[in-house]
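Number of protein chains: 2
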Amino acid sequence: MAVYTHVSAERIARLLGSYDVGTLVSAKGIAEGVENSNYLVETTENRFILTLYEKRVDAADLPFFLELLDHLAERGQPVPPAIADRSGRQIQTVEGRPACLIAFLPGVSPGEPTPAQAAATGAALGELHKALTDFDGQRPNTMTLPNWHSLAAECGGHLDDIAPGLGALVIEELAFLDANWPADLPRSAIHADLFPDNVLMLGNHVTGIIDFYFACTDIRAYDLAITHGAWCFADDGAGFDAELSESLIEGYQSAHPLLPEEARAMPVLSRGAALRFLLTRAWDWLNTPADALVTRKDPIAFRRRLEFYRAADPEIFLP
Amino acid sequence: MAVYTHVSAERIARLLGSYDVGTLVSAKGIAEGVENSNYLVETTENRFILTLYEKRVDAADLPFFLELLDHLAERGQPVPPAIADRSGRQIQTVEGRPACLIAFLPGVSPGEPTPAQAAATGAALGELHKALTDFDGQRPNTMTLPNWHSLAAECGGHLDDIAPGLGALVIEELAFLDANWPADLPRSAIHADLFPDNVLMLGNHVTGIIDFYFACTDIRAYDLAITHGAWCFADDGAGFDAELSESLIEGYQSAHPLLPEEARAMPVLSRGAALRFLLTRAWDWLNTPADALVTRKDPIAFRRRLEFYRAADPEIFLP
């Protein structure tokens, strides 16, 4: 969460010159999102986010992300589309990196979500899925069951350096998921990373869903499982919050009812989602110097969620 | 240049509740300024910068900085005063740190200043000095000749690790400055860090002078010497730009003519300014891990300036 690439005011002013967006009034590097460089740019006409894509986003995936955002924005979803320049181009090159000028959305990410905010987010995710039923773009999920095996193998014995017993838990869970991961649930483009950080709200109203850079084609209900793990636990994963959980799921159902087979799969999908974040965080933990620019997120917060889901009553997903 | 302390949206909303500034619409952590944490905060009424003061700013100095900004803002200078809450308080405590809500100023910092921008900045500095003639606040400069001796002693033999011969140059220069540093020039509150980063402009118009956290009481013309070193060299200090230099000094003179004794002292003041940044950068270079959050700035850029000033014709300061 830092600005990795410096872009001068002159370069930003020149970039804006190829768009119909007014002239530069202010530009501030903002510390936000995955490992990209972001500037909050104000012009005489409007505000924008200028994003330079750093190593974590594959430039070849950008057309998928931008089509997805255009598709959703055209259907009235609160997502920030990339602006096209006068020649119709959305992707530019700035300081050698692919870059997009993106609509600015108001709102702030809830730090301590309330049930009303969880309900609104569930409903917003349901609306998103509804709006994606006729979206044709495809991007494989590069962070699914086979990748979890690879990540676990790369972490290997070091998982126990993070916490004793973590290696055995991961092996056991992978075996369970290999045997039980659902094969024939409806698939769709999904956000795949809908943490509170990626939702902008004013009060209880969702004003923005942002950071689609993990979006991919996968089991649709898995998106709700990820969102459930991201929203319904307090105290760094230690405390399951039944009220947030009920609100999130009721909100989702109100906009886009789960099919019976989706609802039945929620316990295993949630275990998969918890393991996915446990493993990516563990890998980052083991491979990121403690004093690096990127803050390491604690993998243990997702071990706690995984342990909760392993023991949970499936009824929690059926309010 | 990062956000060191995370402040939740809820905490910012609660803080705004004690001010008459509207309610929270957006808050983005921005990567800016010295080692403080800054948020660009938008409310229903206006935009602000929320600054949390981290270790580099001594809380005991804040009243001086805020009085200085109030004094300048009252006199129409383009500086961002701290906003007072309903009870009149400018300094709050947020996440355990002293914090201020500060007026937002439009404009961008020039990456490659033009002569017209240097002239405008010189004039803005002259206006600032004029507006400070009746300012009573006092803060000793903690980065002046005796401190340069201490810094040089702390760096010791490691100066030659940065570049061969650097240690000898510093010793020689300190001896010269001990013998020649002016004792009886007019003193004033000065900005003391007026790099292009700290000037906001729209075109050739100065819209903001920011980052007063090195402001102190010292030789007034030394402020122009610092600004000269900061503005008039291209290529990381290698290339003196006579046009920028003339423009900056003419701009300053147009607003606040140098006294003859000030003009005569500019060569030695400029050598002192170059040595000050050479030494603080060298100290940071030797004491900051290469992969730390803070970007280390190259001390050699100021060795080049120092060598230029040692050889320069004093006429360059008398356009």
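Protein chains in written order, with my numbering: chain A, 1258 to 1576; chain B, 1258 to 1576.
Glycine is no exception: its CB is placed at the ideal position from the N, C-alpha and C atoms.
Predicted model, so just to flag it, every value in this text is computed and none were measured.
Residue i vs residue j beta-carbon contact at 7 Å
i	j	result
LEU1481 (chain B)	ALA1531 (chain B)	no
ARG1528 (chain A)	TYR1566 (chain A)	yes
VAL1427 (chain A)	ALA1409 (chain A)	yes
ASN1398 (chain B)	CYS1473 (chain B)	yes
VAL1314 (chain B)	GLY1286 (chain B)	no
ALA1388 (chain B)	GLN1334 (chain B)	yes
PRO1524 (chain A)	PRO1571 (chain A)	yes
SER1265 (chain A)	GLY1368 (chain B)	yes
PRO1556 (chain B)	PRO1453 (chain B)	no
LEU1402 (chain A)	TRP1438 (chain A)	yes
THR1484 (chain B)	LEU1431 (chain B)	no
Straight-line gap, residue i to residue j (C-alpha atoms, nearest Å)
i	j	result
GLY1494 (chain B)	SER1407 (chain B)	25 Å
PHE1469 (chain A)	LEU1307 (chain B)	28 Å
LEU1273 (chain B)	ALA1491 (chain B)	43 Å
ILE1340 (chain B)	GLU1289 (chain B)	20 Å
TYR1509 (chain A)	CYS1412 (chain A)	35 Å
ALA1360 (chain A)	ALA1568 (chain A)	43 Å
LEU1382 (chain B)	HIS1448 (chain A)	51 Å
ARG1268 (chain A)	ASN1293 (chain B)	26 Å
PHE1305 (chain B)	VAL1298 (chain A)	15 Å
LYS1554 (chain A)	LEU1543 (chain A)	11 Å
TYR1276 (chain B)	ILE1467 (chain B)	22 Å
PRO1421 (chain A)	SER1511 (chain A)	42 Å
LEU1319 (chain A)	ASN1295 (chain A)	16 Å
ALA1317 (chain A)	THR1262 (chain A)	20 Å
ILE1419 (chain B)	ARG1538 (chain B)	11 Å
GLY1496 (chain A)	ALA1487 (chain A)	12 Å
THR1350 (chain B)	THR1545 (chain B)	28 Å
GLU1331 (chain B)	ARG1561 (chain A)	56 Å
LEU1358 (chain A)	ARG1346 (chain A)	10 Å
ASP1498 (chain B)	ASN1404 (chain A)	56 Å
GLU1352 (chain B)	ARG1477 (chain A)	39 Å
LEU1329 (chain A)	ASN1455 (chain A)	16 Å
Closest by C-alpha distance to residue i, when choosing among the options
i	options	result
PHE1559 (chain A)	A:ASP1570, A:ASN1461 and A:PHE1534	A:PHE1534
LEU1309 (chain B)	B:ILE1348, B:GLN1334, B:LEU1451 and B:ALA1436	B:ILE1348
ARG1343 (chain B)	B:THR1545, B:GLY1279, B:ARG1561 and B:ALA1432	B:GLY1279
LEU1416 (chain B)	B:TRP1540, B:ARG1271, B:CYS1489 and B:ALA1284	B:TRP1540
PRO1355 (chain B)	B:PRO1439, B:LYS1312, B:ALA1522 and B:PRO1571	B:LYS1312
PHE1321 (chain B)	B:GLU1331, B:PHE1574, B:PHE1471 and B:ALA1512	B:PHE1471
LEU1326 (chain B)	B:ASN1544, B:ASP1318, B:VAL1336 and B:ALA1317	B:VAL1336
THR1390 (chain B)	B:ASP1475, B:GLU1299 and B:LYS1554	B:ASP1475
LEU1281 (chain A)	A:ASN1295, A:THR1262 and A:GLU1302	A:GLU1302
LEU1423 (chain B)	B:HIS1263, B:ILE1573, B:LEU1536 and B:SER1283	B:LEU1536
LEU1575 (chain A)	A:ARG1538, A:THR1545 and A:SER1502	A:SER1502
THR1464 (chain B)	A:ALA1270, A:ARG1271 and A:SER1283	A:SER1283
THR1300 (chain B)	B:GLU1352, B:GLY1496, B:THR1484 and B:ARG1271	B:ARG1271
MET1573 (chain A)	A:ILE1506, A:LEU1526, A:GLY1496 and A:ARG1538	Contrary to the premise, residue 1573 (chain A) reads as Ile rather than Met in this sequence. With distances taken between Cα atoms, ILE1573 (chain A) lies closest to A:ILE1506.
PRO1338 (chain B)	B:LEU1323, B:THR1545 and B:GLU1500	B:LEU1323
ALA1436 (chain A)	A:ARG1538, A:LEU1526 and A:GLY1496	A:LEU1526
ALA1522 (chain B)	B:THR1545, B:LEU1434, B:ALA1330 and B:ASN1455	B:LEU1434
**Study point:** Residues of the segment 1357 to 1377 of chain B whose Cβ lies closer than 7 Å to any Cβ of chain A, in chain order
**Key:** PRO1363, GLY1364, VAL1365, SER1366, PRO1367, GLY1368 and GLU1369
**Study point:** Interfacial residues, the segment 1289 to 1310 of chain B to chain A, with Cβ spacing under 8 Å
**Key:** GLU1289, LEU1297 and GLU1299
Check your understanding: Do three or more CB pairs link the segment 1369 to 1378 of chain B to the segment 1391 to 1400 of chain B at distances below 8 Å?
Key -> no
Point to revise | chain B contacts made by the segment 1268 to 1292 of chain A, where a contact means CB separation under 8 Å | key: ARG1268, ILE1269, ALA1270, LEU1281, VAL1282, SER1283, ALA1284, LYS1285, GLY1286, ILE1287, ALA1288 and GLU1289
Review point. If you pair each beta-carbon of the segment 1450 to 1460 of chain B with each one of the segment 1345 to 1365 of chain B, do three or more pairs fall below 8 Å?
Key: yes
Review point. Quick check: the segment 1440 to 1447 of chain A against the segment 1511 to 1528 of chain A, are there 3 or more CB pairs under 8 Å?
Key: yes
Check your understanding: Going along the chain, which residues of the segment 1496 to 1511 of chain B sit with their C-beta nearer than 8 Å to a C-beta in chain A?
Key -> none
Point to revise | chain B contacts from the segment 1440 to 1453 of chain A (Cβ-Cβ distance under 9 Å) | key: none
Practice item. Anything in the segment 1401 to 1420 of chain B with a Cβ closer than 7 Å to a Cβ of chain A? List those residues in chain order, please. Key: none
**Study point:** Selection of the segment 1323 to 1343 of chain B by Cβ proximity to chain A, strictly under 8 Å
**Key:** none
Practice item. Taking only beta carbons into account, state which residues of the segment 1511 to 1540 of chain A come closer than 7 Å to chain B, listed in chain order. Key: none
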